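Colleague:
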DNA sequence: TCCTAATTTGAGTGATCAATCAAACCATAG
DNA sequence: CTATGGTTTGATTGATCACTCAAATTAGGA
């Protein structure tokens, strides 16, 4: 067997939740994709919600190596690193013909108040993302010799990214992303390239 | 009867889709809230999806009078009008204890590619929203005597708004909204209050 | 008044939902 | 070898899903 059954289920759910969302994905569909029968599924997860939590924990593991590392290795300049991360989402959208945006954002819009643990994990993902981006702004502060609020800027960066992806997926066009990026980039460069 | 049966169904669906989303809301639940039986429901709407489209058309009607007008009547300054609209969403979040964000954004994240008409209507709502905000930036351009790209700025405004709401609902705290607003407002004031 | 068409009633359709369960299977330890 | 416990099979559960339909009711025009 190439992978643990449990991990196979997690990765099947990961892609299906990403493509179609949590509610629109049936447990039977996950089982089929993971090549697992019902009893085996419920041997590892006591509910669909518990699987969702496992998926979100897995995303937390992937945050740095998959989302951040490619850009951080490519660029040294911290501001370029940030825009490199954003460019990664852009590439993903183009390559999948506007199907795959931010998996965490997708799940965030579907998770209800009562799903406490899932919401905590979504926040942990967002906070982790913002922390890495804030570190970039902080490093840029040091290099340029300024003192902008790195956490607020990281918060704005995530906000712009999530807001853009929402519109891109709705419009099935990259324009909202690019058009939002123009003034956003202008603002950031105004702060860091004086 | 206080209202048309059809309109009663639309308004029941409107609030339920807003609170719980499209997939999480059952047709039976809509019927119950609208005090309508199943046959009556399907007399007016041939499917749940057709109802969704009617709801989105209704939102298009409400866009100016409900979303824009309150702020436009309160303020004369076009930039204040924009932040007044954003403040409206903020108030809504606070008053509903972080349950009701942007109904269009909520639906946008759930509608699939195949639901062509629904997606068109979501885009029409977004485009209408951006047009009103772009008009404000355009008016500000004239008053201040500058020539910033009003459509790109309106696009960024919607982006920041939608991205903020996503985080607010996930975190169940107004902080992401306020923290994103700080640098966003700083940027806009940098452009228009020289 | 009667006719017609729009509307409403409410039981009922099959499909799919998440979840359960006993039995079988298999790997490992003693 | 046997015993044990983790794992898998796959049929099956009741609930809920969106949706249908014939019959009853209502409303409006001739």
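Residue numbers (my numbering), protein chains in the order written: chain A, 1 to 194; chain B, 1 to 194. Just so you know, even glycine gets a beta-carbon here, dropped at the ideal spot from N, CA and C. Note that the structure is a prediction, hence the values are computed from the model and not measured.
1) Do residue 24/B and residue 122/A count as a contact pair if the criterion is CB distance below 9 Å?
2) Does the region 99-118 of chain B touch the region 160-168 of chain B, meaning 3 or more C-beta pairs lie closer than 8 Å?
3) Grab me the residues of residue 72/A's own chain with a C-beta within less than 7 Å of its C-beta, minus the 5 sequence neighbours each way, in chain order.
4) How far does the alpha helix (DSSP H) with residue 75/A in it extend, from its first residue to its last?
5) Mind listing the chain A neighbours of residue 164/B? Cutoff is C-beta to C-beta under 8 Å, in chain order.
6) Between residue 166/A and residue 40/B, which are expected to be in contact by the criterion C-beta below 8 Å, what is the C-beta distance as a whole number of angstroms?
7) Does DSSP put residue 169/A in a helix, a strand or coil?
8) Can you give me the start and stop residues for the alpha helix (DSSP H) that residue 14/B sits inside?
9) Run the CB neighbour count on residue 32/B, radius 10 Å, all protein chains shown included, and call it buried at 16 or more, exposed below.
10) Give the range of the alpha helix (DSSP H) segment to which residue 149/A is assigned.
11) Relative to the C-alpha of residue 52/B, which residue among 79/B, 36/B, 117/B is closest?
12) Between residue 17/B and chain A, is the shortest Cβ-Cβ distance under 9 Å, so that the two count as touching?
13) For the 8 Å Cβ check, are there 3 or more pairs between the region 124-140 of chain A and the region 86-100 of chain B?
14) Reducing DSSP to helix, strand and coil, say where residue 133/A ends up.
15) Would you call the region 144-153 of chain B and the region 139-151 of chain A in contact, with 3 or more CB pairs under 8 Å?
16) If you draw a straight line from the C-alpha of residue 8/B to the C-alpha of residue 34/B, how long is it?
17) Just tell me which of 151/B, 93/B, 77/B, 55/B has its CA closest to the CA of residue 196/A.
18) Where does residue 1/B sit, in a helix, a strand or coil, going by DSSP?
Modeller: On the basis of the data shown:
1) no
2) yes
3) 81
4) Residue 75/A -> no alpha helix (DSSP H), and no H or E assigned at all.
5) 159, 163
6) With a Cβ gap of about 35 Å, residue 166/A and residue 40/B do not count as contacting.
7) helix
8) 5-20
9) exposed
10) Looking at the DSSP string, residue 149/A is not in any alpha helix (DSSP H), and its letter there is neither H nor E.
11) 117/B
12) no
13) no
14) helix
15) no
16) 6 Å
17) Residue 196/A is absent from the structure shown; chain A starts at 1 and stops at 194.
18) Summary for residue 1/B: the model assigns pLDDT 41, below 50, so the residue's position carries little reliability; its value from the coordinates is reported in the next sentence. Looking at residue 1/B - three-state DSSP - the assignment turns out to be coil, as it is neither helix nor strand.
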